[in-house]
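**Student:** My structure is below; once you've seen it, I'll send some questions.
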Amino acid sequence: MNTSLSLAPLVPMELIVVLAAVGLFLTVVAWMRGGRGWLFRVLVLVVLVVALANPQAVREEHQSQRDIAVIAVDRSASQEVGDRRAQTDAALASVRKQLSGVDNLDLRIVEVSGGQEGSAQNPDRDGGPRLFSALARETAEIPRSRFAGAVLITDGQIHDVPEVRKNKTPPGPVHVLLTGKPDEQDRRLVIEQAPGYGIVGQEVTIRYRVEDRLGKKTGFAADRLALVRLRYDDNQEIVARIPVGHSGDFKIKLDHAGPTVAELSVDSAPGELSSVNNRALVKINGVRDRLRVLLVSGQPHAGERTWRNLLKSDPSVDLVHFTILRPPEKDDFTPLRELALIAFPIQELFEIKLGEFDLIVFDRYVVRDVLPPSYMQNIVEFVQGGGALLLGVGPEFASIRSLFQTPLGKIMPAPPTGEILQGGFLPRLTDTGRRHPVTAGLGGSGNGTPSWGRW
Numbered sequence: 001m002n003t004s005l006s007l008a009p010l011v012p013m014e015l016i017v018v019l020a021a022v023g024l025f026l027t028v029v030a031w032m033r034g035g036r037g038w039l040f041r042v043l044v045l046v047v048l049v050v051a052l053a054n055p056q057a058v059r060e061e062h063q064s065q066r067d068i069a070v071i072a073v074d075r076s077a078s079q080e081v082g083d084r085r086a087q088t089d090a091a092l093a094s095v096r097k098q099l100s101g102v103d104n105l106d107l108r109i110v111e112v113s114g115g116q117e118g119s120a121q122n123p124d125r126d127g128g129p130r131l132f133s134a135l136a137r138e139t140a141e142i143p144r145s146r147f148a149g150a151v152l153i154t155d156g157q158i159h160d161v162p163e164v165r166k167n168k169t170p171p172g173p174v175h176v177l178l179t180g181k182p183d184e185q186d187r188r189l190v191i192e193q194a195p196g197y198g199i200v201g202q203e204v205t206i207r208y209r210v211e212d213r214l215g216k217k218t219g220f221a222a223d224r225l226a227l228v229r230l231r232y233d234d235n236q237e238i239v240a241r242i243p244v245g246h247s248g249d250f251k252i253k254l255d256h257a258g259p260t261v262a263e264l265s266v267d268s269a270p271g272e273l274s275s276v277n278n279r280a281l282v283k284i285n286g287v288r289d290r291l292r293v294l295l296v297s298g299q300p301h302a303g304e305r306t307w308r309n310l311l312k313s314d315p316s317v318d319l320v321h322f323t324i325l326r327p328p329e330k331d332d333f334t335p336l337r338e339l340a341l342i343a344f345p346i347q348e349l350f351e352i353k354l355g356e357f358d359l360i361v362f363d364r365y366v367v368r369d370v371l372p373p374s375y376m377q378n379i380v381e382f383v384q385g386g387g388a389l390l391l392g393v394g395p396e397f398a399s400i401r402s403l404f405q406t407p408l409g410k411i412m413p414a415p416p417t418g419e420i421l422q423g424g425f426l427p428r429l430t431d432t433g434r435r436h437p438v439t440a441g442l443g444g445s446g447n448g449t450p451s452w453g454r455w
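Just so you know, my numbering puts 295 at position 295 of the sequence shown, and the rest follows in order with no gaps.
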């Protein structure tokens, strides 16, 4: 408890000083002229100045606050390698036991798992832990005078140290406990550069590098050859041998539009700690220089102009549009030389030049014996070969003249029953999706209920 004297002036201190100076000047003048009562005036002036200054005795009572220490624990996937998890748990228990014996110290523990995995186009934003970001959030509300320090329990794979160095340093000492062993050996496949998009029919380049860490003493090996494999489109494989530590290039040709998933893998090194980081996936979206679209309208309606305006608004779209004005069974005795319209060139479009299109759109189309089943089968093979099919349908899609009743029904996701089902629809993976490297790891992708939403 401390006692001190402080002033709480009733008027501004500058005004008190001016009044005191004026009163003192008048008192000095009276004394020099030999006037009586000047001493009484001095006493009155002192009393007035003290009253205006309003001195107060302040008694302060202080209560000490407990310091706060933070333990940040790395729970990322790399901590599951070897016996690092057991080392982490043992280190956490030891630190908690030692700090619990310190007086006036509170302990906070924050566990950080790996973030969202990055891609080959942005390899820096990978699934590694961001311990310093978590530490900054935990210490944001702790006064600097109460922060005792932080202890990081990690294997050293921290992915936000450069950002912290640029922006803000921790408000106190930071200690690091490293898991693992100094002589551990590990091989890693690094994707240095990969495009996110490529033109169909052209080659794209994937640049990669293989790193061998042979322990603390030997550092990185640069005199070894590593066997690297690249697989894409399920049946294409490229094999290369490159020196460890040097960059290599794979060139692949995009044969179809849409995503092409390339899987790179490197053989394991002798005595390697883990082969998890010996594989990498690269997803490249194939886009076409120009999109060739065949639009077939089964009947005239007001929405035709909407389709045309939408497709022709993009200058990179080449549109071929045909509208079936009448079915074949309806006779028209108008002479051919007087017709302003041409006959529907079904053989040319759906047999000879079908492979030249990228997208086929059926707009309000109903089966009227215009396209025979053999041409519908050609469209099925067109889709299975990488082409796209879009159906703009109405109530006629659930009738007996629906396109689902043709060979196209084999590639449609669901039959049009015409029934109204109330409730949410939860999509599930097919057998192919469970085996695909992109969708196989989705949460809830097994036989149970998926964990994703209805969208």
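Ideal Cβ placement from N, Cα and C applies to all residues, glycine included.
1) Check whether the region 129 to 144 touches the region 43 to 60, taking contact to mean three or more Cβ pairs, one atom from each stretch, closer than 8 Å.
2) Determine the closest residue to Arg187 out of Glu14, Lys181, Asn277, Ala8, with distance taken between C-alpha atoms.
3) So what's Ala77 in DSSP terms, helix, strand or just coil?
4) Any idea if Leu230 is buried or exposed, counting beta-carbon neighbours within 10 angstroms, 16 or more meaning buried?
5) Given a threshold of 16 other Cβ atoms within 10 Å of its Cβ, counted over all protein chains shown, does Arg364 qualify as buried or as exposed?
6) Can we say the region 103 to 114 touches the region 20 to 33, given the rule of at least three CB pairs closer than 8 Å?
7) Per DSSP, what kind of secondary structure is Val11 in: helix, strand or coil?
8) Which same chain residues end up closer than 8 Å to Thr218 when comparing Cβ atoms and leaving out the 5 residues on each side of it in sequence?
9) Drop a sphere of 10 angstroms on the beta-carbon of Asp314, count the other beta-carbons inside from all chains shown, and report buried for 16 or more, exposed for fewer.
10) Report the start-end ranges of each beta strand (DSSP E) in the region 50 to 107 that is 3 residues or longer and not cut off at the edges.
11) Which one or two residues does DSSP pair with Gly386 in a beta bridge?
12) From the DSSP secondary-structure annotation, give me the bridge partner or partners of His246.
13) Within its chain, find whatever has a CB closer than 6 Å to the CB of Asn122; leave out the 5 residues flanking it on each side and keep chain order.
14) Give me the residue from Ser374, Arg368, His321 with the minimum Cα distance to Gln347.
15) When we look at the beta-carbon of Gly453 and count the other beta-carbons within 10 Å, is it buried (16 or more) or exposed?
16) Buried or exposed: which applies to Arg279, given that a residue is buried once 16 or more other Cβ atoms fall within 10 Å of its Cβ?
17) Could you compute how far the alpha carbon of Ala440 sits from the alpha carbon of Arg434?
18) For Ser297, which beta-bridge partners are listed by DSSP?
19) Would you kindly work out how many angstroms separate the C-alpha atoms of Arg66 and Arg146, rounded to a whole number?
20) Does Ala269 come out as helix, strand or coil in the three-state DSSP assignment?
21) Rounded to whole angstroms, what is the Cα-Cα separation between Pro413 and Gly387?
22) To the nearest angstrom, how far is the alpha carbon of Gly456 from that of Val393?
23) Would you tell me roughly how many angstroms separate the C-alpha atoms of Ser297 and Phe382, rounded to the nearest one?
24) Give the range of the alpha helix (DSSP H) segment to which Gly303 is assigned.
25) Would you call Ile420 buried or exposed, if buried means 16 or more other Cβ atoms sit within 10 Å of its Cβ?
26) Is there at least one non-hydrogen atom of the ligand ZN closer than 7 Å to the beta-carbon of Glu14?
27) Could you give the residue range of the beta strand (DSSP E) that holds Glu138?
28) Tell me which same chain residues have a C-beta within less than 6 Å of the C-beta of Gly180, skipping the five on either side of it?
29) With the cut-off set at 8 Å, would you say Leu92 and Val73 are in Cβ contact?
30) Give every residue of the same chain whose Cβ lies closer than 7 Å to the Cβ of Arg292, excluding the five residues on either side of it in the sequence, and list them in chain order.
31) Going by the CB atoms, is the gap between Ile199 and Val282 shorter than 8 Å?
32) List the endpoints of the continuous alpha helix (DSSP H) containing Thr432.
33) Which residues does DSSP pair with Thr3 in a beta bridge?
34) Taking DSSP as the reference, what is the three-state secondary structure of Ile142?
35) How many Å lie between Ala120 and Thr417 at the Cα?
36) Can the beta-carbon of Ile109 be found less than 8 Å from the beta-carbon of Tyr197?
**Tutor:** Reading it off the structure:
1) no
2) As a working mapping, residue 187 is identified with position 187 in the sequence shown. Of the candidates Glu14, Lys181, Asn277, Ala8, the one whose C-alpha sits nearest the C-alpha of Arg187 is Asn277.
3) Within the sequence shown, numbered from 1, the residue matching residue 77 stands at position 77. Correct three-state label for Ala77: helix.
4) Residue mapping note: residue 230 aligns to position 230 of the sequence shown, counting from 1. Buried: at least 16 other Cβ atoms inside 10 Å.
5) Sequence index remark: in the sequence shown, residue 364 carries index 364 (1-based). Buried, by the Cβ-count rule.
6) no
7) Looking up residue 11 in the sequence shown gives position 11. In this structure, Val11 counts as coil in the three-state DSSP scheme.
8) Residue numbering aside, residue 218 sits at position 218 when the sequence shown is read from its first letter. Low local confidence applies: a pLDDT of 46 at Thr218 is under 50, so the model's placement there is unreliable, and no value is given.
9) Numbered from 1 along the sequence shown, position 314 holds the residue referred to as residue 314. Asp314 is exposed by the Cβ-count criterion.
10) 55 to 60, 67 to 74
11) Taking the first residue of the sequence shown as position 1, residue 386 is located at position 386. The partner list for Gly386 (beta bridge, DSSP) is empty, contrary to what the question assumes.
12) If you number the sequence shown from 1, residue 246 lands on position 246. Note: His246 sits in no beta bridge, so no partner.
13) As a working note, residue 122 is residue 122 in the sequence shown. Confidence is the limiting factor: at Asn122 the pLDDT is only 39, short of 50, which leaves the residue's position unreliable and the question unanswerable from this model.
14) Counted from its first residue, the sequence shown places residue 347 at position 347. The option with the nearest alpha carbon to Gln347 is Ser374.
15) The sequence position of residue 453 within the sequence shown is 453, counting from 1. It is exposed - the Cβ of Gly453 has fewer than 16 other Cβ atoms within 10 Å.
16) Position 279 of the sequence shown, counted from the start, is the residue given in the question as residue 279. That one is exposed.
17) Against the sequence shown, residue 440 aligns to sequence position 440. Against the sequence shown, residue 434 aligns to sequence position 434. Cα-Cα distance, rounded: 5 Å.
18) What you label residue 297 is simply residue 297 of the sequence shown in a count that begins at 1. In the DSSP output, where bridge partners are listed per residue, Ser297 has Thr323, Asp363.
19) Counting from 1 along the sequence shown, the entry for residue 66 is found at position 66. Counting from 1 along the sequence shown, the entry for residue 146 is found at position 146. The alpha-carbon atoms of Arg66 and Arg146 are separated by roughly 7 Å.
20) Position 269 of the sequence shown holds residue 269. In the structure shown, Ala269 sits in coil (DSSP, three-state: anything other than H, G, I, E or B).
21) Taking the first residue of the sequence shown as 1, we reach residue 413 at position 413. Taking the first residue of the sequence shown as 1, we reach residue 387 at position 387. Cα to Cα, Pro413 sits roughly 16 Å from Gly387.
22) The structure shown has nothing for residue 456, since the chain only spans 1 to 455.
23) Stepping through the sequence shown from its first residue, residue 297 is reached at position 297. Stepping through the sequence shown from its first residue, residue 382 is reached at position 382. Each residue's Cα considered, the two are about 19 Å apart.
24) Residue 303 sits at position 303 when you count from the first residue of the sequence shown. Where Gly303 is concerned, the enclosing alpha helix (DSSP H) stretches over 303 to 312.
25) Numbered from 1 along the sequence shown, position 420 holds the residue referred to as residue 420. With fewer than 16 other Cβ atoms within 10 Å, it is exposed.
26) Among the components modelled here there is no ligand, and therefore nothing to report on the ligand ZN.
27) Indexing the sequence shown from 1 puts residue 138 at position 138. Counting along the chain, Glu138 falls outside any beta strand (DSSP E), though it belongs to the alpha helix (DSSP H) covering 131 to 139.
28) Locating residue 180 in the sequence shown gives position 180, where the first residue counts as 1. Once the five neighbours on either side are set aside, the close Cβ partners of Gly180 are Arg84, Asp155.
29) The residue labelled residue 92 in the question sits at position 92 within the sequence shown. The residue labelled residue 73 in the question sits at position 73 within the sequence shown. Yes, these two residues count as a Cβ contact at 8 Å.
30) For the purposes of this step, residue 292 is taken as the residue at position 292 of the sequence shown. Cβ neighbours of Arg292 beyond the five flanking positions: Asp318, Glu356, Phe357, Asp358.
31) Numbered from 1 along the sequence shown, position 282 holds the residue referred to as residue 282. Numbered from 1 along the sequence shown, position 199 holds the residue referred to as residue 199. For Val282 and Ile199, no; Cβs fall outside 8 Å.
32) Here the question's residue 432 lines up with position 432 in the sequence shown. Counting along the chain, the alpha helix (DSSP H) containing Thr432 begins and ends at 431 to 435.
33) Along the sequence shown, read from residue 1 onward, the residue named residue 3 stands at position 3. Arg59.
34) Residue numbering aside, residue 142 sits at position 142 when the sequence shown is read from its first letter. DSSP places Ile142 in coil when its eight states are reduced to three.
35) Numbered from its first residue, the sequence shown carries residue 120 at position 120. Numbered from its first residue, the sequence shown carries residue 417 at position 417. With a pLDDT of 38 at Ala120, under the threshold of 50, the modelled position of that residue is not reliable, and the figure given next carries that caveat. Ala120 and Thr417: Cα-Cα distance of roughly 43 Å.
36) Counted from its first residue, the sequence shown places residue 109 at position 109. Counted from its first residue, the sequence shown places residue 197 at position 197. No. Outside cutoff.
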